[in-house]
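Student: I am attaching a structure below and will ask some questions about it afterwards.
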């Protein structure tokens, strides 16, 4: 009896079929056994044809890493996918595979699979008939990795049940652990098995073949090619769980009822084995890793050069030291799951999240945040606002793709957005990461270009060209009387968006300032700083509260940098430009004690803190800073 392990059509074309390789590893030694990547064959034979074949060649070569070449190829590929796609009611083709309709159920999916208009139907029939001659007894495992493959597997299963009734068909996938997933025979399969417990799969194969699977402890590579994927080098997804990717030492062991993460040294060894086969990146993102596990894993990865992505929770994050060690061991990308809210104050949760994400970002790691599908409570909205307002630490985000049996959301929560910045002119285009075809491509880009470069790349609105934020900034220093009213108003809105200034005197102070500085790029104001005159009433207030008489001083303030430009050096450039043009005027900077980012910017620009006082108006401590060489008799607070 032949064993045919299939990666069904309608998945993504960028990563190797790990689900099929896992299933094959459970049955090692049971010959004849073949692993068939039907998904990759379908892409190469039916989708990547004509002009799309040339575009695919760009993604398979060095042109992949050039953003302009990448985008040009993507446009050609998207045109082909739109042309070759199924009826709209059946979904749409994308680089993650077939995107199923949101409200699709398993029953309606099976009905679609039986529709002769299904674009994979004729191809599946022809390919299966060549691989399984009539009368051939076989065990066929249809291994699921992505939701779109449910339709591809159902098409194949229905054809096998009708035309190869002697074949035993099993649906195999981690997803079958979910509530509502198939758990027994169906119209397109005889068995539905989760490799969470490989025991039933091994027993089924033994009962049909009369053979006993071996106790091999590596992925089954013998009949799979790592060539032809839609990327310059193969990337593989891997679930690092005992009983999933490695066969237990005792072949009689039926496996575990619940997943347990592989010991660190075994996982590191498996990554090394994959690197030897030419795998250029490993996605360990299907299973969250607790902090205690990551602390132990970090030293095991020392010396690893294969770029990695893994999943972790912001409610149980590893230490900054562990993150740094993991980065040295090849980690480039973290899929973070956000806290659930759980009754805690949103501000406290967001502050804790921010600390973890900042720590990861400082080590050069890319933070990819998993957002919920639904939610209408205040925490869900706060999470969206945080995500949209902090692109310097939340570098990208995603939502899990539902399976046909997944519960449907009651209310979708929408896109991340920066509420405070809705009034200012939007930046042109969008971030490059949204144009990359999934985590595999993102991981390769991060390895080649680094986190800082990738996060600052932005695609222009026409979709074919890229610019790097901060690379072509133009700086303007002008007196308010020489500035257009709409420019002053845009600067006022940008200052208000930063949330540190109340609107009462803002526009008055801008209109009466000594000097207003701002930076533009792509026709949009990206940041600003101002050298202000101190109003008499404000001077008196500061004197009463702090004891300092600042008559004759100017105040440098209203620093506001768009979130996307944080970390580009623009803030420093604006500050230095204002200082250089102050014309010998004495200068102070007044900032909240809670404005840590502003204080760091001041310290970097040779400023010192001379006084801290409590503002009754603002109900918080405030700090007065000035240049190091100015008024030395006032000393410096430590």
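Residue numbers (my numbering): 568 to 1205. We put the CB at the ideal spot given by N, CA and C, even for glycine.
In terms of residue numbering, what span does the alpha helix (DSSP H) encompassing residue 710 cover?
Tutor: As a first step, residue 710 must be located in the chain shown, where it is residue number 143. From DSSP, residue 710 is part of no alpha helix (DSSP H) but of the beta strand (DSSP E) over 705-710.
Student: Grab the span of the beta strand (DSSP E) containing residue 1008 for me, first residue to last.
Tutor: Looking up residue 1008 in the chain shown gives position 441. No beta strand (DSSP E) contains residue 1008, which is instead part of the alpha helix (DSSP H) from 1006-1016.
Student: Just checking, does the segment 788-805 make contact with the segment 597-604 on the three C-beta pairs under 8 Å criterion?
Tutor: Taking 8 Å as the limit for Cβ pairs, the verdict is that the segment 597-604 does touch the segment 788-805.
Student: By the DSSP assignment, the beta strand (DSSP E) with residue 1145 in it spans what residues?
Tutor: Residue mapping note: residue 1145 aligns to position 578 of the chain shown, counting from 1. Unbroken run through residue 1145 is the alpha helix (DSSP H), 1137-1147; no beta strand (DSSP E).
Student: Would you kindly report the start and end of the unbroken alpha helix (DSSP H) that includes residue 895?
Tutor: On the chain shown, position 328 is the one that residue 895 refers to. It spans 887-895 - the alpha helix (DSSP H) in which residue 895 sits, taken as one unbroken run.
Student: May I ask you to report which of helix, strand or coil DSSP gives residue 643?
Tutor: Counting from 1 along the chain shown, the entry for residue 643 is found at position 76. Helix, per DSSP.
Student: For residue 1133, which residues in the same chain have their Cβ closer than 7 Å to its Cβ, ignoring the five residues on either side in sequence?
Tutor: Residue numbering aside, residue 1133 sits at position 566 when the chain shown is read from its first letter. Result list for residue 1133: 959, in chain order.
Student: Once DSSP output is grouped into helix, strand and coil, what is the label at residue 855?
Tutor: By one-based count along the chain shown, residue 855 stands at place 288. Strand at residue 855.
Student: Just to confirm my understanding: we take residue 870, look at its own chain, exclude 5 residues before and 5 after, and list those with CB closer than 8 Å. What are they?
Tutor: Taking the first residue of the chain shown as position 1, residue 870 is located at position 303. Correct list, in chain order: 896.
Student: Does the beta-carbon distance from residue 985 to residue 955 come in below 7 Å?
Tutor: Residue 985 sits at position 418 when you count from the first residue of the chain shown. Residue 955 sits at position 388 when you count from the first residue of the chain shown. Going by C-beta atoms, residue 985 is nearer than 7 Å to residue 955.
Student: Report the rounded CA-to-CA distance for residue 837 versus residue 585, giving the unit in angstroms.
Tutor: Reading the chain shown from its first residue, position 270 is the one you call residue 837. Reading the chain shown from its first residue, position 18 is the one you call residue 585. If you take the alpha carbons of residue 837 and residue 585, they lie about 13 Å apart.
Student: Whose C-alpha, out of 800, 1169 and 1082, is nearest the C-alpha of residue 627?
Tutor: Sequence index remark: in the chain shown, residue 627 carries index 60 (1-based). The residue with the shortest Cα to Cα distance from residue 627 is 800.
Student: Classify residue 609 as buried or exposed, calling it buried when 16 or more other Cβ atoms lie within 10 Å of its own Cβ.
Tutor: As a first step, residue 609 must be located in the chain shown, where it is residue number 42. Classification of residue 609: buried, given that the 10 Å Cβ count is 16 or more.
Student: By how many angstroms is the C-alpha of residue 1058 removed from the C-alpha of residue 1051?
Tutor: The sequence position of residue 1051 within the chain shown is 484, counting from 1. The sequence position of residue 1058 within the chain shown is 491, counting from 1. Computed Cα separation, rounded: 11 Å.
Student: Identify which residue in 1184, 1131, 1043 and 1119 has its Cα closest to the Cα of residue 1069.
Tutor: Taking the first residue of the chain shown as 1, we reach residue 1069 at position 502. When each option's Cα is compared against that of residue 1069, the closest is 1184.
Student: Are the beta-carbon atoms of residue 1152 and residue 1121 separated by less than 7 Å?
Tutor: The residue given as residue 1152 occupies position 585 in the chain shown. The residue given as residue 1121 occupies position 554 in the chain shown. Contact: yes.
Student: At what residue ranges does the segment 1090-1118 contain a whole run of the alpha helix (DSSP H), taking only runs of 4 or more?
Tutor: Runs found: 1103-1113.
Student: Measure the C-alpha to C-alpha separation of residue 1195 and residue 1204 and round it to an integer number of angstroms.
Tutor: Within the chain shown, residue 1195 is the residue found at index 628, counting from 1. Within the chain shown, residue 1204 is the residue found at index 637, counting from 1. Taking the straight line from one Cα to the other gives about 12 Å.
Student: Could you check whether residue 934 and residue 950 sit closer than 7 Å to each other, using their CB atoms as the reference points?
Tutor: By 1-based counting over the chain shown, the position of residue 950 is 383. By 1-based counting over the chain shown, the position of residue 934 is 367. For residue 950 and residue 934, no; Cβs fall outside 7 Å.
Student: So, is residue 1099 buried or exposed, given that buried needs 16 or more other C-beta atoms within 10 angstroms?
Tutor: For the purposes of this step, residue 1099 is taken as residue 532 along the chain shown, with counting starting at 1. Residue 1099 comes out buried.
Student: Residues bridged to residue 875 by DSSP?
Tutor: Here residue 875 is taken as the residue at index 308 of the chain shown, counted from 1. DSSP output for residue 875 lists 849 and 898 as bridge partner(s).
Student: Return the chain-ordered ranges of every alpha helix (DSSP H) run that is complete within the segment 731-785 and spans a minimum of 4 residues.
Tutor: Those alpha helix (DSSP H) runs which fall completely within the segment 731-785 and span 4+ residues are 766-776.
Student: Using three-state DSSP, classify residue 1194 as helix, strand or coil.
Tutor: Sequence index remark: in the chain shown, residue 1194 carries index 627 (1-based). Three-state result, residue 1194: strand.
Student: May I have the straight-line CA-CA distance separating residue 854 from residue 808, to the nearest angstrom?
Tutor: As a position in the chain shown, residue 854 is number 287, starting the count at 1. As a position in the chain shown, residue 808 is number 241, starting the count at 1. Rounded to the nearest angstrom, the two C-alpha atoms are 8 Å apart.
Student: Just the Cα atoms here: how many angstroms apart are residue 705 and residue 723?
Tutor: Your numbering for residue 705 matches position 138 in the chain shown. Your numbering for residue 723 matches position 156 in the chain shown. Approximately 14 Å between the Cα atoms of the pair.
Student: Classify residue 947: buried if its beta carbon has 16 or more other beta carbons within 10 angstroms, exposed otherwise.
Tutor: Along the chain shown, read from residue 1 onward, the residue named residue 947 stands at position 380. It counts as buried.
Student: Between which two residues does the beta strand (DSSP E) holding residue 1088 run?
Tutor: Position 521 of the chain shown, counted from the start, is the residue given in the question as residue 1088. Here the beta strand (DSSP E) through residue 1088 covers 1082-1088.
Student: Suppose the cutoff is 6 Å on Cβ atoms and the five residues either side in sequence are ignored; what does the same chain contact list for residue 822 look like?
Tutor: In the chain shown, the residue the question calls residue 822 occupies position 255. Unreliable placement is indicated for residue 822, whose pLDDT of 41 sits below 50; no coordinate value is reported for it.
Student: Please state the DSSP three-state secondary structure of residue 662.
Tutor: What you label residue 662 is simply residue 95 of the chain shown in a count that begins at 1. Coil.
Student: Leaving out the 5 sequence neighbours to the left and right, which residues in its chain are closer than 6 Å to residue 1129 when beta-carbon positions are compared?
Tutor: What you label residue 1129 is simply residue 562 of the chain shown in a count that begins at 1. Closer than 6 Å at the Cβ level, and outside the excluded window around residue 1129, lie 1093.
Student: Count the other CB atoms, across all protein chains shown, that sit within 10 Å of the CB of residue 1187; report buried if there are 16 or more and exposed otherwise.
Tutor: Position 620 of the chain shown, counted from the first residue, corresponds to residue 1187. Result: exposed.
Student: Leaving out five residues on either side along the sequence, give the residues of the same chain with a beta carbon under 7 Å from the beta carbon of residue 665.
Tutor: For the purposes of this step, residue 665 is taken as residue 98 along the chain shown, with counting starting at 1. Correct list, in chain order: 577, 658, 715 and 718.
Student: Can you say whether residue 579 is buried or exposed, counting buried as having 16 or more other CB atoms within 10 angstroms of its CB?
Tutor: As a position in the chain shown, residue 579 is number 12, starting the count at 1. Buried, by the Cβ-count rule.
Student: Which residues bound the alpha helix (DSSP H) around residue 920?
Tutor: To locate residue 920, count along the chain shown from 1; it is residue 353. That run of the alpha helix (DSSP H) goes 913-929.
Student: Starting from residue 791, trace the alpha helix (DSSP H) in both directions and tell me its first and last residue.
Tutor: Here residue 791 corresponds to residue number 224 of the chain shown, with the count starting at 1. Where residue 791 is concerned, there is no enclosing alpha helix (DSSP H), given that its DSSP letter is neither H nor E.
Student: Take the Cβ of residue 817 as the centre, count every other Cβ of all protein chains shown within 10 Å, and call the residue buried at 16 or more, exposed below.
Tutor: By 1-based counting over the chain shown, the position of residue 817 is 250. Interpretation of residue 817 is limited by its pLDDT of 41, a score under 50 that renders its predicted location unreliable; no figure is taken from the coordinates.
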